[in-house]
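The structure under discussion appears below in the form of C-alpha cells.
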Amino acid sequence: MCEQTIRDFVNDLSSDKPLGGGSACALVAALASALGQMVGSLTVNKKKYAQNKEQLAELMTETETLTAKLLKGIEDDQKAFYPLSQAYKLNKDVCDREQLLQEGYKQAALSPFSLLSNTAKVIDLLEKYAQLGSIIVLSDAATGAMLAHGALYGEFINIMVNTVKIKDLNFKNEIENQAELLLHTYSQKAMDIYIKVCERIKND
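Each number in my numbering comes from the position in the sequence shown (counting from 1) with 34 added on.
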C-alpha cells in the first residue's frame with residue numbers, strides 16, 4: 035500500500051474498500067514526522083546552527099524510523115479491521131459470532147492506539163525541531179504539529195468507536211484512560227509548538 039500513488043490512495047479511501055480514518059491518520063502523522071525531518075535536513079549543515087548539529091542528526095535518525103512505522107501503520111490499520119469486518123458478515127445465529135466480534139473490537143482498537151502513541155512521539159520530536167531548527171523552516175515544524183494534532187483526534191475517535199462495544203471492562207478502561215491522557219497531553223503540546231513558533235517568527 036505504501037507504494038501507491040497519492041491519487042490511488044485517495045481513490046481507495048473514497049471507495050467501499052476497508053480503508054478508513056485510521057489509515058488516513060497514519061499517513062497524516064507520517065507527513066507530520068517528515069516535516070520535522072525536513073526541518074532537520076535544512077538546518078543540520080548550516081554554520082549558524084553548528085552547535086545543534088549532533089542533536090539534530092540524532093533527531094533525524096529517530097524521526098526516520100518513526101516515519102517508517104507510521105507508513106507501515108497505514109496497512110496495519112487496514113489489516114487490524116479485517117477480522118472485525120468478517121465477523122460482522124456472519125449470521126447472528128453463528129454460535130461464536132459474539133466472541134469473534136469482541137476479539138475484533140479489541141484488535142481494531144489497538145491499531146489506532148498504536149498510531150496515537152506514535153503520533154505523540156512525533157509531537158515530542160517536533161517540539162525539539164522547533165527549538166533547534168533554522169528560523170527559515172520553523173513554519174514547517176508548526177505545520178507538522180498541526181497535522182499531528184488533527185491525527186491525534188482522528189486516532190482517538192477510532193479507538194472509542196471500538197471500545198464502546200467491548201465487554202471486557204478492564205481492557206476497555208485501560209485503553210480508554212491511556213488514550214485520553216495521550217490526547218489531552220499531546221494536543222496541548224502540539225498547540226504550544228504552533229504558538230511558540232508563531233511568536234518566534236514574529237520576534238525574529
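Built from N, CA and C at the ideal position, the CB exists for glycine as well.
Between the C-alpha atoms of residue 119 and residue 130, what's the straight-line distance to the nearest angstrom?
Residue 119 sits at position 85 when you count from the first residue of the sequence shown. Residue 130 sits at position 96 when you count from the first residue of the sequence shown. Going from the Cα of residue 119 to the Cα of residue 130 covers about 15 Å.
Give me the Cα-Cα distance between residue 98 and residue 81, rounded to the nearest whole angstrom.
In the sequence shown, residue 98 corresponds to position 64, counting from 1. In the sequence shown, residue 81 corresponds to position 47, counting from 1. Looking at the two C-alpha atoms, the distance is approximately 23 Å.
Would the beta-carbon of residue 155 fall within 8 Å of that of residue 100?
On the sequence shown, residue 155 is found 121 positions in, with the first residue counted as 1. On the sequence shown, residue 100 is found 66 positions in, with the first residue counted as 1. Yes, the Cβ-Cβ distance between residue 155 and residue 100 is below 8 Å.
Hey, out of 142, 86, 147, 178, whose CA is closest to residue 2's CA?
Absent from the structure is residue 2, since the part of the chain shown begins at 35 and ends at 238.
Give me the Cβ distance between residue 114 and residue 144, rounded to the nearest whole Å; I'm assuming they're in contact under 8 Å.
Within the sequence shown, the letter at position 80 stands for residue 114. Within the sequence shown, the letter at position 110 stands for residue 144. Taking the Cβ atoms as the reference, residue 114 lies roughly 7 Å from residue 144, within the contact range of under 8 Å.
Nearest neighbour of residue 58, chosen from 235, 106, 199, 76 [CA to CA]:
On the sequence shown, position 24 is the one that residue 58 refers to. Out of 235, 106, 199, 76, 106 has the C-alpha closest to the C-alpha of residue 58.
I'd like to know if the region 59 to 67 and the region 186 to 201 are in contact, where contact means that at least 3 CB-CB pairs between them fall below 8 Å.
yes
Here's the rule I'm using: 16 or more other beta-carbon atoms within 10 Å means buried, otherwise exposed. How should residue 202 be labelled?
As a working mapping, residue 202 is identified with position 168 in the sequence shown. Residue 202 comes out exposed.
Please work out which residues of its chain come closer than 7 Å, Cβ to Cβ, to residue 246, disregarding the five sequence neighbours upstream and downstream, and give them in chain order.
A query on residue 246 cannot be resolved here, the shown segment of the chain reaching from 35 to 238 and no further.
Is the beta carbon of residue 150 less than 8 Å from the beta carbon of residue 216?
Taking the sequence shown and counting its residues from 1, the one referred to as residue 150 is at position 116. Taking the sequence shown and counting its residues from 1, the one referred to as residue 216 is at position 182. The answer is yes: Cβ separation under 8 Å.
Sub-8 Å separation of residue 182 and residue 160 beta-carbons:
As a first step, residue 182 must be located in the sequence shown, where it is residue number 148. As a first step, residue 160 must be located in the sequence shown, where it is residue number 126. The answer is yes: Cβ separation under 8 Å.
Compare the Cα-Cα distances from residue 133 to each of 200, 164, 205, 93 and report the closest residue.
On the sequence shown, residue 133 is found 99 positions in, with the first residue counted as 1. The candidate whose alpha carbon is nearest that of residue 133 is 200.
By the three-class DSSP mapping on this structure, what secondary structure does residue 125 have?
Within the sequence shown, numbered from 1, the residue matching residue 125 stands at position 91. DSSP places residue 125 in coil when its eight states are reduced to three.
Whole angstroms are fine: how far does the CA of residue 164 sit from the CA of residue 67?
On the sequence shown, residue 67 is found 33 positions in, with the first residue counted as 1. On the sequence shown, residue 164 is found 130 positions in, with the first residue counted as 1. Looking at the two C-alpha atoms, the distance is approximately 13 Å.
According to DSSP, is residue 198 helix, strand or coil?
Taking the sequence shown and counting its residues from 1, the one referred to as residue 198 is at position 164. The three-state reading of DSSP puts residue 198 in coil, since its state is none of H, G, I, E or B.
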